[in-house]
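Sequence order for the protein chains is A and B. Its first residue numbered -2, the first sequence is counted upward by one per residue in my numbering. Its first residue numbered -2, the second sequence is counted upward by one per residue in my numbering.
Number of protein chains: 2
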Amino acid sequence: MKTILVVDDEPKIVQLVRDYLTHAGFTVATASDGQSALASVRASKPDLIVLDLGLPQLDGLDVTRALRRESNVPVIMLTARVEESDKLVGLELGADDYITKPFSPKELVARTRAVLRRAENANTTEELIRIADVTLDTPRMKVTAGERGIELTPTEFQVLATLARQPGRVFTRAQLLDAVQGVAFESYERAIDAHIKNIRRKLETNPHQPRYVLTVYGVGYKFCEP
Amino acid sequence: MKTILVVDDEPKIVQLVRDYLTHAGFTVATASDGQSALASVRASKPDLIVLDLGLPQLDGLDVTRALRRESNVPVIMLTARVEESDKLVGLELGADDYITKPFSPKELVARTRAVLRRAENANTTEELIRIADVTLDTPRMKVTAGERGIELTPTEFQVLATLARQPGRVFTRAQLLDAVQGVAFESYERAIDAHIKNIRRKLETNPHQPRYVLTVYGVGYKFCEP
DNA sequence: TCGCGCGTTCACAATGGCTTCACAATCGTA
DNA sequence: TACGATTGTGAAGCCATTGTGAACGCGCGA
């Protein structure tokens, strides 16, 4: 579930925004000033930040500027009604959206979802990956080996895609877990073994002598390239 | 190279938008009122129009209305108003997206690209879509499966049409929502499930073992197999 | 004002994938 | 070769995802 950091110096606003976002199914962290906001970004690694422009001391723009040096987490600016032209320039810094107070809860949630969705889409890389006679079609989530079409589960596809994007590079189980589920929660690294097994069963002609997904003893797995 | 017409009576806004779109690789034409905007549309045949709602004399809605009589060029509405009802009016008139001032340039560029992408797909779209023994008549919004005629609601039709235009491609719920209601609005993604259920009930011989609208676990839905 | 159709939301059941575990097989090294 | 470490594998439980009926809200026309 997505985590959102809400930053505002007015407790009432924080409370309100938190309630609505929580109700919409997000995990919410809060901060009341720029300093603790930056600290919280490092601590809770939010997927999005709702940031009041008019913070005391370090204001919203300062925070955004500092933020951009170390992260590209999406930011939604929150502000009392102000002059347009000034803020237009200020927002060049990379805020992803902009909401003026007073705002409707529906609008806040809607924009939050919209920005998150856009951010996700931006991360998608190549659509077609080809190595040897294996092809991965990302939008279709489809794999073919030679002539055969192959059905993979989402996790299996992600593991294989991660390996295939950099053929020959060895990935540890931890890295593959990261690719699959994000840094968020740790699970048993050997779950990856199970996925590898299933991938091989579907992909390889002879799963006991794999030609595509190879084991690197004591390290992890790689795609081809001995 | 895509050409974009920017229409606003505030020179500062025009300047800003032009800079950003130019920088993003678009060719930009400008106009400062409704009359010259309409003239410019005929002259420069833009691929997209960024249109301020609050123009003097002929306002944005008037321009859109006039425009729609002779062209279906995509329009992004730009406005200071935030009322939701305004959004509805704008979108119903044929605006493709809606941005409230003040906005982030980043967002403007992103939405411009998104609308252009959608418009491209829409243009290559056949009026008649046929896959297997299912036929979609887009202008009439009619569907037939085999001999049976089928009645779908507007939203159901849109969902089905989106899937059927690219058979085999997997669409996430978010993508289907986009196709149905545009980026401007958001709702619970699982609303799509409800539409899928209703489509299946009407379309499939056996809704529990669908042959046309298939589920891709953990991702979304697709139409048939490629 | 009242239904009516449509889209959305909700709660709960059904389904399928992910993880875990135990043990077998294999690898590297002494 | 022998031993411990690492990996392969099948089965089982848990949990996320999906299916589904019902209820709600909203706009529209009677």
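C-beta atoms are modelled at their ideal positions from N, C-alpha and C, and glycine is treated no differently.
- Residues of chain A whose Cβ lies closer than 8 Å to the Cβ of Val213 of chain B are, in chain order, Met138.
- Interface annotation, Pro151 of chain A: in contact with chain B, CB-CB separation under 7 Å.
- Within the region 113 to 162 of chain B, the runs of beta strand (DSSP E) at least 3 residues long that lie entirely inside it are, in chain order, 125 to 128, 131 to 134, 139 to 142, 145 to 147.
- Closer than 7 Å to the CB of Arg162 of chain B there is not a single CB belonging to chain A.
- Against Gly165 of chain B, the close residues of chain A are Arg137, in the order they occur along the chain (beta-carbon pairs closer than 7 Å).
- Using a Cβ-Cβ cut-off of 7 Å, Val216 of chain B is close to Met138, Pro151 of chain A, given in chain order.
- Here Asp5 of chain A is buried. Its C-beta has 16 or more other C-beta atoms within 10 Å.
- With contacts defined as CB atoms closer than 7 Å, Ala63 of chain B and Leu45 of chain B fail to qualify as a contacting pair.
- Following the DSSP letters along the chain, one finds Asp190 of chain A in no beta strand (DSSP E) but inside the alpha helix (DSSP H) bounded by residues 188 to 200.
- Ala191 of chain A counts as exposed, since fewer than 16 other C-beta atoms from the protein chains shown sit within 10 angstroms of its C-beta.
- C-alpha of Arg170 of chain A to C-alpha of Thr152 of chain A: approximately 13 Å in a straight line.
- Per DSSP, reduced to three states, the secondary structure at Tyr17 of chain A is helical.
- Distance from the CA atom of Thr141 of chain A to the CA atom of Leu157 of chain A, rounded to whole angstroms, is 12 Å.
- Around Arg15 of chain B, the same chain offers Val3, Val25, Thr27 as residues with beta carbons nearer than 8 Å, after the five sequence neighbours per side are excluded.
- Lys219 of chain A sits in a strand when the DSSP states are folded into three classes.
- Looking at B:Ser37, B:Ser29, B:Ile1, the one whose alpha-carbon comes closest to that of His20 of chain B is B:Ile1.
- Taken in chain order, the complete beta strand (DSSP E) segments of 3 or more residues contained in the region 25 to 61 of chain B are 45 to 49.
- Exclusion of the five residues before and after Gln155 of chain A leaves Ala176, Val177 as the residues of its chain whose Cβ lies within less than 7 Å of its Cβ.
- DSSP, read as helix, strand or coil, puts Asp6 of chain B in coil.
- By alpha-carbon distance to Val70 of chain A, the top candidate from A:Leu133, A:His205, A:Thr109 is A:Thr109.
- For Val72 of chain A, the secondary structure class from DSSP, reduced to helix, strand or coil, is strand.
- Spatial neighbours of Val167 of chain A in its own chain (CB-CB distance under 6 Å, excluding positions within 5 residues in sequence) are listed in chain order as Val213, Val216, Gly217, Lys219.
- In terms of Cα proximity to Thr202 of chain A, the closest of A:Arg187, A:Glu144, A:Arg162, A:Leu160 is A:Glu144.
- Rounded to whole angstroms, Gly31 of chain B and Ser37 of chain B show a C-alpha spacing of 10 Å.
- In the structure shown, Val11 of chain A adopts helical secondary structure according to DSSP, grouped into three states.
- In this structure, the straight-line span from the alpha carbon of Gly146 of chain A to that of Glu222 of chain B is close to 11 Å.
- Between Thr135 of chain B and Glu124 of chain B, the beta carbon gap of about 5 Å places them in contact (Cβ cut-off 8 Å).
- When beta bridges are read from the DSSP output, Val210 of chain B appears opposite B:Phe220.
- When the Cα atoms are used, Asn195 of chain B and Phe23 of chain A turn out to be separated by approximately 29 Å.
- Closest option to Glu7 of chain B, judged by alpha-carbon separation, among B:Lys42, B:Arg39, B:Leu50: B:Leu50.
- Straight-line measurement puts the Cα of Ser33 of chain B at about 53 Å from the Cα of Pro207 of chain B.
- With a 10 Å radius around the Cβ and a threshold of 16 neighbouring Cβ atoms, Lys103 of chain B comes out buried.
- Residue environment analysis places Gly165 of chain A among the exposed positions, since fewer than 16 neighbouring C-beta atoms fall within 10 angstroms of its C-beta.
- Annotation: Ile10 of chain A to Leu173 of chain A spans about 40 Å, alpha carbon to alpha carbon.
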